[in-house]
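The opening position of the sequence shown corresponds to residue 1433 in the working numbering, with each subsequent residue numbered one higher. Glycine is no exception: its CB is placed at the ideal position from the N, C-alpha and C atoms. Scroll down for the structure; my scribbles are underneath it.
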Amino acid sequence: MTEFRFLHAADIHLDSPLRGLAGQEDATAERIRGAAREAFERLIDDAIAERIDFMVIAGDLYDGEWRDYSTGLYFAAQMGRLDAASIPVYLLHGNHDAESEITRHLPLPGNVKTFGTKAPETFHHPDLPVALHGQSFPRRDVDDNLALAYPAPLAGRFNIGVLHTGLGGRGGHANYAPCTLADLVNTGYDYWALGHVHQGEVLHERPHIVFSGNLQGRHIRETGPKGAMAVTVDGGEVVAVDARAYDIVRWENVRADVTDLDDMARIHNAVRTVLEAAVATRAEGRLLACRLHLEGRSPLHARLHAAGDELLAEVRALALGLGEGVAWVEKIAIATAPLADATGGEGVEDLRRILGTLTEGDLEDLAQRFESDIGAMVGALPREAREEVEDDVLRLAIEGDHRALARAVEPHLFARLDVEGEA
Ligand SMILES: [Mn+2]
């Protein structure tokens, strides 16, 4: 068997709406909005420049129902570029692109083969001894183990399984089309091109079982390099699986220690310094999109907690001041502590006592009240919204971790009391 190379991508989420950008019109915000398309173009550019033998897209190409046809037309045009370069594409639909009727009926260039939804389907590469087996999601909520029905490997071929799966429920991803690593190993295929889990990972070698991860991070829980897997096969054996970064925007958590900084100008300086360092060492020339964590004991603790949008606007101005398309601050997480434990009047002591019973004492009664007040609200959130929560406090509420929830709200409550007391 000759040598060949393919790109394995997944979870591209073209034109996914990006939260946190509302009302921001600057060039940096525009860059972030267009990041998924730009990353996709990098992938296609690379495929053509390197003359790869084929491409696999393992689900969630689209984010869901389109607002208009532009997403589909854009995709068709990019596939046309690969068609002109004689590069076949094997496309599978996952939970996010399962629902759209438009998606299913969009005519695509002849090089694109889309796996059917009714049963596993097998495609053969036109020139190479490669067989690809896959089944697209017929609907969003697929709870069956699709892998069990995939056909036996074909003799004399390099067999690739393409599957969108939560595997066993990994890292906060919904466990769609669940299966085990053993299920996949036992099929006797040579490579499993998996999608759905946004963190890229080689889970097994010989056979190779691989999540490519998503092409472009979309929020602060998708940090670090994002891209696709470049796979080289020689003599029927996988000889290389290289994670290639195609992202345009790099998401990172950035921390600033503000211990003992006693005025806002010094805090601004500290923030500028950590932003510059993160741009230099972690962004690899990409636009740095970050959550800024302020940490340490600070005389400005209460003021920082109460500052809200004003402080966010200030640090965004600092980030934009580093240059166009260099850095953007998604949110500030204040994790400072006061210089000394604040003392307060009777009300403050009561609050401290109540929170103390939550974080240390017997939980039964208050847990029930949490359940009835917050549990009902959280229960009303749609499944997808629950999965993609970015707010730490809301996440704890969803997880029903009342102790951690009480600890998380405590500094906010005391900071507010302190600020009001100062005035
Ligand atoms: Mn998915």
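Asked, Found
"Check whether the Cβ of N1527 sits closer than 7 Å to any heavy atom of ligand 1, and report yes or no.", "yes"
"Which residue comes first and which comes last in the alpha helix (DSSP H) that contains N1618?", "L1613 to N1618"
"For G1496, which three-state DSSP category applies?", "coil"
"Taking three-plus beta-carbon pairs below 8 Å as touching, is the region 1702 to 1717 in contact with the region 1748 to 1756?", "yes"
"What are the residues that DSSP puts in a beta bridge with N1685?", "R1723"
"Out of I1699, V1686 and T1664, which one is the CA nearest neighbour of R1676?", "T1664"
"With DSSP collapsed to three states, give me the class of Y1574.", "First, the residue type needs correcting, since residue 1574 is Val and not Tyr in the sequence shown. Coil at V1574, not helix or strand."
"Ends of the alpha helix (DSSP H) at L1752?", "D1741 to L1752"
"I need the DSSP call for S1448, collapsed to helix, strand or coil.", "coil"
"Can you tell me whether H1596 sits near ligand 1, meaning its C-beta is under 7 Å from at least one heavy atom of the ligand?", "yes"
"Any heavy atom of ligand 1 closer than 7 Å to the CB of G1491?", "yes"
"Locate the alpha helix (DSSP H) running through T1768, then write down its first and last residues.", "Note, T1768: premise wrong, no alpha helix (DSSP H); beta strand (DSSP E) at A1759 to P1770."
"Just the C-alpha distance for K1658 and V1594, rounded to the nearest angstrom, thanks.", "20 Å"
"Could you check what DSSP says for I1489 in three-state terms: helix, strand or coil?", "strand"
"Let me check understanding here. Comparing Cα to Cα, which of A1587, A1614 and G1627 lies closest to A1606?", "G1627"
"Once you ignore the five residues that flank E1854 on each side, which residues in its own chain have a CB closer than 8 Å to its CB?", "Note that E1854 has pLDDT 45, beneath the 50 cutoff, so the model's placement of it is unreliable and no number is given."
"For G1548, does the count of other Cβ atoms within 10 angstroms reach 16, so buried, or fall short, so exposed?", "exposed"
"Quick one: is the Cβ of D1447 within less than 7 Å of any heavy atom of ligand 1?", "no"
"What three-state label does DSSP hand A1855 in the structure shown?", "For A1855, the predicted model reports a pLDDT of 34, less than 50, meaning its position is unreliable; a value from the coordinates is still stated below. DSSP places A1855 in coil when its eight states are reduced to three."
"Which parts of the region 1658 to 1683 are runs of the alpha helix (DSSP H), unbroken and 4 residues or longer, counting only runs that do not cross its ends?", "none"
"So, for D1694: in the same chain, excluding its five sequence neighbours on each side, which residues have a beta-carbon less than 6 Å away from its beta-carbon?", "P1731"
"Could you check whether the Cβ of H1651 sits closer than 7 Å to any heavy atom belonging to ligand 1?", "no"
"On a CA-only basis, which of T1691, V1761 and G1832 is nearest G1811? Give me that one, please.", "G1832"
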